[in-house]
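Chains as they are written, first to last, in full-length UniProt numbering: chain A, 1 to 271; chain B, 1 to 313. Quick reminder that beta carbons are idealized off the backbone N, C-alpha and C, glycines included.
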């Protein structure tokens, strides 16, 4: 594996996203949404204005769970199939690079663009709110940003996997949307449905582990169960074992969610 | 098939050596047991109709499509496997209907590929100049015409000073002047000892320009050799176009009577005489005996097109 080749490929993907203002647009979306939530998130309760970092993060988590997977999937779904469909893949593969280097380079470049816009977008919010944040709150917010980046990277990995499997861009976009529906909307309903149908008799024990099968849930747990104030706000607190709610453990699960789809993509793309 | 040309292949190791290369797609044999050798410094043409298997064979030689069977070596090494990087650094490839990145400028495109090939960025400017794109260097590829894209694709293939060039339909989209310039560049590369293989379906364009060529049809190499070899292998008739001083058709017919002539036809202002290659000199002598009754005499060799259609039918 040659790092230089990976860096060249990654650099192209990253600068393409900077130049076409993708990074700027996504960062702005994050900033605007986050500020609106921070200031108007409590409007239903009759209060307007920044309340606490815990409330803000709890609201932002809901936003990020919808938005970040969607953005990541849209960013990556045509990484390989797009090149193949346009007809530029053969030329790339005739270069002195391996197929794995091409895949990894593309992934890392897109990942850098996504991470950069996430950190820039939410980082700007942290700057705006900094007067109202103490160090602990700031650490919470940084944790939230890091987990948002990890969530994005996991879905980007899924997107790149789709881009390797799909026969054309149209199918790839369909598969990407289907993944979003499944992980963001359907998965939790299925679990909940399962619990209701069995009257809670079965599955209660494995329920927390099943949540780990969805990167969006891992992200939610990571942010909610590591914040004491917030945990009590959520009914799930009674379901989820403390032992699993270790940030490092959940971080590892997230890392697996990043590595596994990429691994499958590399296996499929090798020939 | 015996190669009657004095191909340097016999004296030195071939740069491109393909043995029994086969590629199936289900029951379809896109490439079917191809043997091919290209000698160092040779300019080799691969012709065939669309769907003959040229591009598939090309991609197999480049390691882009794995062979179902057979062995392909470029400069003595397999294109895939551990040494592939070193092999690929010696290769320049211009794909058919090359697609580059619309959002990059011409110069940025070359800089990107130069980095991947490990070529110095200082090669990019001269490469653009070589294909006549210096003035468009800082324009985005989006604004390029088809011909300009093709030229940029060619410049890309020249990066890293490749020793072997694979050019798939390289002159598609080029105007006649650009085609002429393209072959001037190829001649320069040939003088530097670069080995080149190019595909085309425009026979007239490559027949006078390549050292040897192979005719491909239905996934197989039907014939290989110099243009002259191929004509001889096919044994296609040639014909004389004879312009006479007077309307003396019957006299010609009398002179040629008894000779192995296939056809004699009176046309508008000349007489057409068709014969087999081996009778060429006999017929010519008979026509010469007509003395000043003949105003003009042309020998028409079968065109490569005749040869080509003969093989691919």
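Alpha-carbon to alpha-carbon, residue 268/B and residue 168/B:
Along the second chain, one-based indexing puts residue 168/B at 168. Along the second chain, one-based indexing puts residue 268/B at 268. The straight-line gap from Cα to Cα measures roughly 42 Å.
Please say whether residue 216/B and residue 358/B have beta carbons closer to each other than 8 Å?
This structure leaves residue 358/B out entirely; chain B is present only between 1 and 313.
Which of helix, strand or coil DSSP assigns to residue 138/A
For the purposes of this step, residue 138/A is taken as the residue at position 138 of the first chain. It is helical.
Quick check on this structure: which residue in 83/B, 98/B and 146/B has the alpha carbon closest to the alpha carbon of residue 87/A?
Walking along the first chain from the start, residue 87/A turns up at place 87. Nearest option by C-alpha distance: 98/B.
Please name the residue in 101/A, 140/A and 64/A whose C-alpha comes closest to that of residue 121/A.
On the first chain, residue 121/A is found 121 positions in, with the first residue counted as 1. Ranking the options by Cα distance to residue 121/A, first place goes to 64/A.
Label residue 149/A either buried or exposed according to how many other C-beta atoms from any shown protein chain fall within 10 Å of its C-beta, with 16 as the threshold for buried.
Reading the first chain from its first residue, position 149 is the one you call residue 149/A. Buried is the call here.
DSSP on residue 161/B, reduced to helix/strand/coil?
Start at 1 with the first residue of the second chain, and residue 161/B comes out as number 161. If DSSP states are grouped into helix, strand and coil, residue 161/B belongs with coil.
For my contact list, residue 123/B and residue 159/B are in at a C-beta cut-off of 8 Å; report their separation, rounded to the angstrom.
Reading the second chain from its first residue, position 123 is the one you call residue 123/B. Reading the second chain from its first residue, position 159 is the one you call residue 159/B. With a Cβ gap of about 6 Å, residue 123/B and residue 159/B count as contacting.
Cβ separation of residue 61/B and residue 31/B, assumed to be a contact under 8 Å, to the nearest whole Å
Mapped onto the second chain, residue 61/B falls at position 61. Mapped onto the second chain, residue 31/B falls at position 31. Their Cβ separation, rounded to whole angstroms, is 10 Å, which puts residue 61/B and residue 31/B out of contact at 8 Å.
Determine which residues of the segment 40 to 67 of chain B have a Cβ less than 7 Å from any Cβ of chain A, and write them out in chain order.
59, 62, 64 and 66
I want to know whether the segment 110 to 126 of chain A touches the segment 33 to 53 of chain A - three or more CB-CB distances under 8 Å.
yes
Below 6 Å CB to CB, which residues in the same chain sit around residue 276/B once its five sequence neighbours on both sides are set aside?
Translated into positions along the second chain, residue 276/B becomes position 276. The beta carbon of residue 276/B sits closer than 6 Å to the beta carbons of 237 from its chain, once the five residues preceding and following it are set aside; these are given in chain order.
Which residues in the same chain as residue 172/A place their Cβ atom closer than 7 Å to its Cβ, once the five residues preceding and following it in sequence are excluded?
As a first step, residue 172/A must be located in the first chain, where it is residue number 172. Same-chain partners within the cutoff: 77, 78, 81, 162, 163 and 166.
Can at least three beta-carbon pairs, one atom from the segment 283 to 302 of chain B and one from the segment 238 to 253 of chain B, be found at a separation below 8 Å?
yes
Could you tell me the alpha carbon to alpha carbon distance between residue 4/B and residue 262/A, rounded to whole angstroms?
Locating residue 4/B in the second chain gives position 4, where the first residue counts as 1. Locating residue 262/A in the first chain gives position 262, where the first residue counts as 1. For residue 4/B, the predicted model reports a pLDDT of 46, less than 50, meaning its position is unreliable; a value from the coordinates is still stated below. Taking the straight line from one Cα to the other gives about 53 Å.
Where the alpha helix (DSSP H) containing residue 60/B begins and where it ends
Taking the second chain and counting its residues from 1, one reaches residue 60/B at position 60. Its alpha helix (DSSP H) spans residues 54 to 61.
Going by CA-CA distance only, name the one from 13/B, 35/B, 24/B and 58/B that's closest to residue 170/B.
Position 170 of the second chain, counting from 1, holds the residue named residue 170/B. Closest by alpha carbon: 58/B.
With C-beta atoms as the reference, is residue 83/A less than 8 Å away from residue 92/A?
In the first chain, residue 83/A corresponds to position 83, counting from 1. In the first chain, residue 92/A corresponds to position 92, counting from 1. Closer than 8 Å, so yes.
Three or more C-beta pairs under 8 Å: does that hold for the segment 297 to 308 of chain B against the segment 204 to 220 of chain B?
yes
Within 10 angstroms of the Cβ of residue 4/A, are there 16 or more other Cβ atoms? Answer buried if so, exposed if not.
Residue 4/A sits at position 4 when you count from the first residue of the first chain. Result: exposed.
In chain order, what are the residue ranges of uninterrupted alpha helix (DSSP H) at least 4 long that sit wholly in the segment 48 to 117 of chain A?
The qualifying runs are 53 to 76, 81 to 86 and 89 to 93.
For residue 75/B, count neighbouring Cβ atoms within 10 angstroms of its own Cβ and tell me buried if that reaches 16, exposed if not.
Position 75 of the second chain, counted from the start, is the residue given in the question as residue 75/B. The Cβ neighbour count for residue 75/B, taken over all protein chains shown within 10 Å, is at least 16; the residue is labelled buried.
For a test of the three-state rule: what should DSSP assign to residue 99/B, helix, strand or coil?
As a working mapping, residue 99/B is identified with position 99 in the second chain. Note: residue 99/B maps to coil in three-state DSSP.
From what residue to what residue does the beta strand (DSSP E) around residue 263/B run?
To locate residue 263/B, count along the second chain from 1; it is residue 263. Counting along the chain, the beta strand (DSSP E) containing residue 263/B begins and ends at 261 to 266.
Is there a Cβ of chain E sitting closer than 8 Å to that of residue 170/B, yes or no?
Note that chain E does not occur in the displayed structure, where the protein chains are A and B.
Going along the chain, which residues of the segment 169 to 199 of chain B sit with their C-beta nearer than 8 Å to a C-beta in chain A?
none
Using the beta-carbon count (16 or more within 10 Å), is residue 200/B buried or exposed?
Position 200 of the second chain holds residue 200/B. With 16 or more other CB atoms across the displayed protein chains lying within 10 angstroms of its CB, residue 200/B is buried.
Going along chain A in order, which residues have a C-beta closer than 7 Å to the C-beta of residue 95/B?
For the purposes of this step, residue 95/B is identified with residue 95 of the second chain, where counting begins at 1. The contacting residues are 90 and 91.
Using the beta-carbon count (16 or more within 10 Å), is residue 257/A buried or exposed?
What you label residue 257/A is simply residue 257 of the first chain in a count that begins at 1. Result: buried.
Cα separation between residue 184/B and residue 13/A?
For the purposes of this step, residue 184/B is taken as the residue at position 184 of the second chain. For the purposes of this step, residue 13/A is taken as the residue at position 13 of the first chain. One C-alpha to the other measures close to 36 Å.
8 Å Cβ cut-off: residues of chain B touching residue 95/A:
Position 95 of the first chain holds residue 95/A. Those within 8 Å of residue 95/A in chain B are 88, 113, 116 and 117.
Buried or exposed (CB count within 10 angstroms, at least 16 for buried), residue 17/A
Reading the first chain from its first residue, position 17 is the one you call residue 17/A. Under this definition residue 17/A is a buried residue.
Since residue 47/B and residue 203/B should fall inside the 8 Å C-beta cutoff, what is the C-beta to C-beta distance between them, to a whole number of angstroms?
Within the second chain, residue 47/B is the residue found at index 47, counting from 1. Within the second chain, residue 203/B is the residue found at index 203, counting from 1. Correct: roughly 6 Å between the Cβ atoms.
Do residue 214/B and residue 224/B have their beta-carbon atoms positioned less than 8 Å apart in this structure?
Along the second chain, read from residue 1 onward, the residue named residue 224/B stands at position 224. Along the second chain, read from residue 1 onward, the residue named residue 214/B stands at position 214. Taking 8 Å as the Cβ cut-off, residue 224/B and residue 214/B qualify as a contacting pair.
How would you call residue 145/B, buried or exposed, if buried means at least 16 neighbouring beta carbons within 10 angstroms?
The residue labelled residue 145/B in the question sits at position 145 within the second chain. Answer is exposed; the Cβ neighbour count stays below 16.
Could you pull out every residue in the same chain whose Cβ sits closer than 6 Å to the Cβ of residue 117/A, ignoring the five residues on either side in sequence?
Sequence index remark: in the first chain, residue 117/A carries index 117 (1-based). If we look at residue 117/A and ignore the five residues flanking it on each side, its Cβ neighbours are 23, 26 and 27.
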